[in-house]
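In this note's numbering, the protein residues as written are 33 to 317.
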C-alpha cells in the first residue's frame, strides 16, 4: 500500500470519528492540515530525489534537463514550459526544448528569444520570479505573434559561478504560482545548473583526451622519424651511396635529407682539392 493511499484512508477514518462527535471540528481541521502538509513535503522530497538522479546519471545535458524539467513541472502543477541556455553573446536564449502542454503555439521556432521582460528579471537577479495574470501584465506586448495564451508564468534561473546561464520557464498552472513554488523551482534550477556543469566538464575531459591522444600520436611519429637514422646504415665503401629499407641505392646526401631536417651545401675538402684541382690554390697553406 502506498503512502498516499494510507494517508487518504487515515483522513477518511478521521472524518468518520468527526461524524460520531468523537473529534472537535477545530482538531479535525488541524489533523487534516498536518496530513496534507506531510503529503506535500513528501511529494516535494520525492520530486527532488528524482531530479537528483537525473544529475547523477551523467547523461547529456539535454536529456538531464528534460527529466529535471518534467519533475519540476509535475510537482508545481504547470502544464507547459521550456529549458533554455544563454547564447555566447549573452543577449538571447537558445531553447533546448519546448513543452506546449496541449496548447496551440504557432510561433516561428527560428525567432530569437531575447533576454527581456519578466525573464530578464530572473537573469539579472539570479532569483525565481512569477506572475499570475500575465496576459494583463506590462510584458504581454513582448509575446511574438502566434504564441500560446499564458495565464501565469514562472522563471527559475540556472546559476553558475554567480551568473545566470540558463532558465527554466513554467506556465499555465491550474491555480496561482506561489512562493513555495518559486522555492521548489529554484531547487530544480540548481539541479539543472549542476547537470550543465557536469556536462561541460565531461565535454572538456573528452576534448582533453582527444588532444592527449593527438599529442601522443605526434610524439610517436616524431620518434619514428628520429629512429630512421639510427641503427646500421648500409653504405657503399667506394661511391658512398646508401641503401634504403626498400633496397634502393641513394646518394648519401639524398638519403639524409629525406630522413632528417638536414640541408646540404656542396663544397670541396682540402684532400679532394689537391687531388682533383692541383692547379687551383683553393686552400691556403
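Ideal placement from N, C-alpha and C gives every residue a C-beta, glycine not left out.
Segment limits, beta strand (DSSP E) that includes residue 124: Looking at the DSSP string, the run of the beta strand (DSSP E) that includes residue 124 is 124-131.
Nearest CA to the CA of residue 232: which residue from 248, 197, 210 and 152? Of the candidates 248, 197, 210 and 152, 197 places its Cα closest to the Cα of residue 232.
Using a threshold of 7 angstroms, state whether the C-beta atoms of residue 109 and residue 205 are closer than that. If you check the CB distance, residue 109 and residue 205 come in under 7 angstroms.
Reduced DSSP secondary structure (H/G/I, E/B, other) of residue 202: Note: residue 202 maps to strand in three-state DSSP.
Check whether residue 128 and residue 97 have beta carbons under 7 angstroms apart: Here residue 128 is near residue 97, since their CB atoms are less than 7 angstroms apart.
Quick check on the DSSP output: what are the complete alpha helix (DSSP H) runs of length 4 or more inside the region 221-293, in order along the chain? Listed in chain order, they are 284-291.
Mind checking residue 99: buried by the 16 CB within 10 Å criterion, or exposed? Answer is buried; the Cβ neighbour count reaches 16.
What whole-angstrom Cβ distance do residue 145 and residue 188 have, given they're in contact under 8 angstroms? Cβ-Cβ separation between residue 145 and residue 188: approximately 16 angstroms, too far for a contact (criterion under 8 angstroms).
Please tell me whether residue 185 and residue 158 are closer than 7 angstroms, where the distance is taken between their beta carbons. Taking C-beta atoms as the reference points, residue 185 and residue 158 fail to come closer than 7 angstroms.
Quick check: what's the CA-CA separation for residue 226 versus residue 216? If you take the alpha carbons of residue 226 and residue 216, they lie about 16 angstroms apart.
Can you say whether residue 280 is buried or exposed, counting buried as having 16 or more other CB atoms within 10 angstroms of its CB? Per the 10 Å Cβ criterion, exposed.
Can residue 287 and residue 302 be called in contact, C-beta distance under 7 angstroms? Judged by beta-carbon spacing, residue 302 lies beyond the 7 angstroms limit of residue 287, meaning their Cβ atoms are not closer than that value.
Between residue 163 and the rest of its own chain, which residues show a CB-CB distance below 7 angstroms, the 5 nearest in sequence each way excluded? If we look at residue 163 and ignore the five residues flanking it on each side, its Cβ neighbours are 150, 169, 184 and 185.
Helix, strand or coil at residue 196 according to DSSP, with G and I counted as helix: Residue 196: strand per DSSP, three-state reduction.
How would you label residue 92, buried or exposed, when you count the other beta carbons within 10 angstroms and need 16 or more for buried? The residue in question, residue 92, is exposed, as its Cβ has fewer than 16 Cβ neighbours within 10 Å.
Helix or strand or just coil, what does DSSP make of residue 209? DSSP places residue 209 in coil when its eight states are reduced to three.
Out of 222, 194, 296 and 142, state which residue places its alpha-carbon closest to the alpha-carbon of residue 80. Selected option, being the one with the closest Cα: 222.
Hey, how far is the Cα of residue 106 from the Cα of residue 234? Residue 106 and residue 234: Cα-Cα distance of roughly 29 angstroms.
Assuming the contact rule is C-beta atoms closer than 8 angstroms, residue 274 and residue 265 should be a hit. Round their C-beta distance to whole Å, please. Approximately 6 angstroms separates the beta-carbon atoms of residue 274 and residue 265; this is inside 8 angstroms, confirming the contact.
Coil, strand or helix - residue 162 by DSSP: If DSSP states are grouped into helix, strand and coil, residue 162 belongs with the strands.
How many angstroms separate the CA atom of residue 243 from the CA atom of residue 167? If I take the Cα positions, the gap works out to 52 angstroms.
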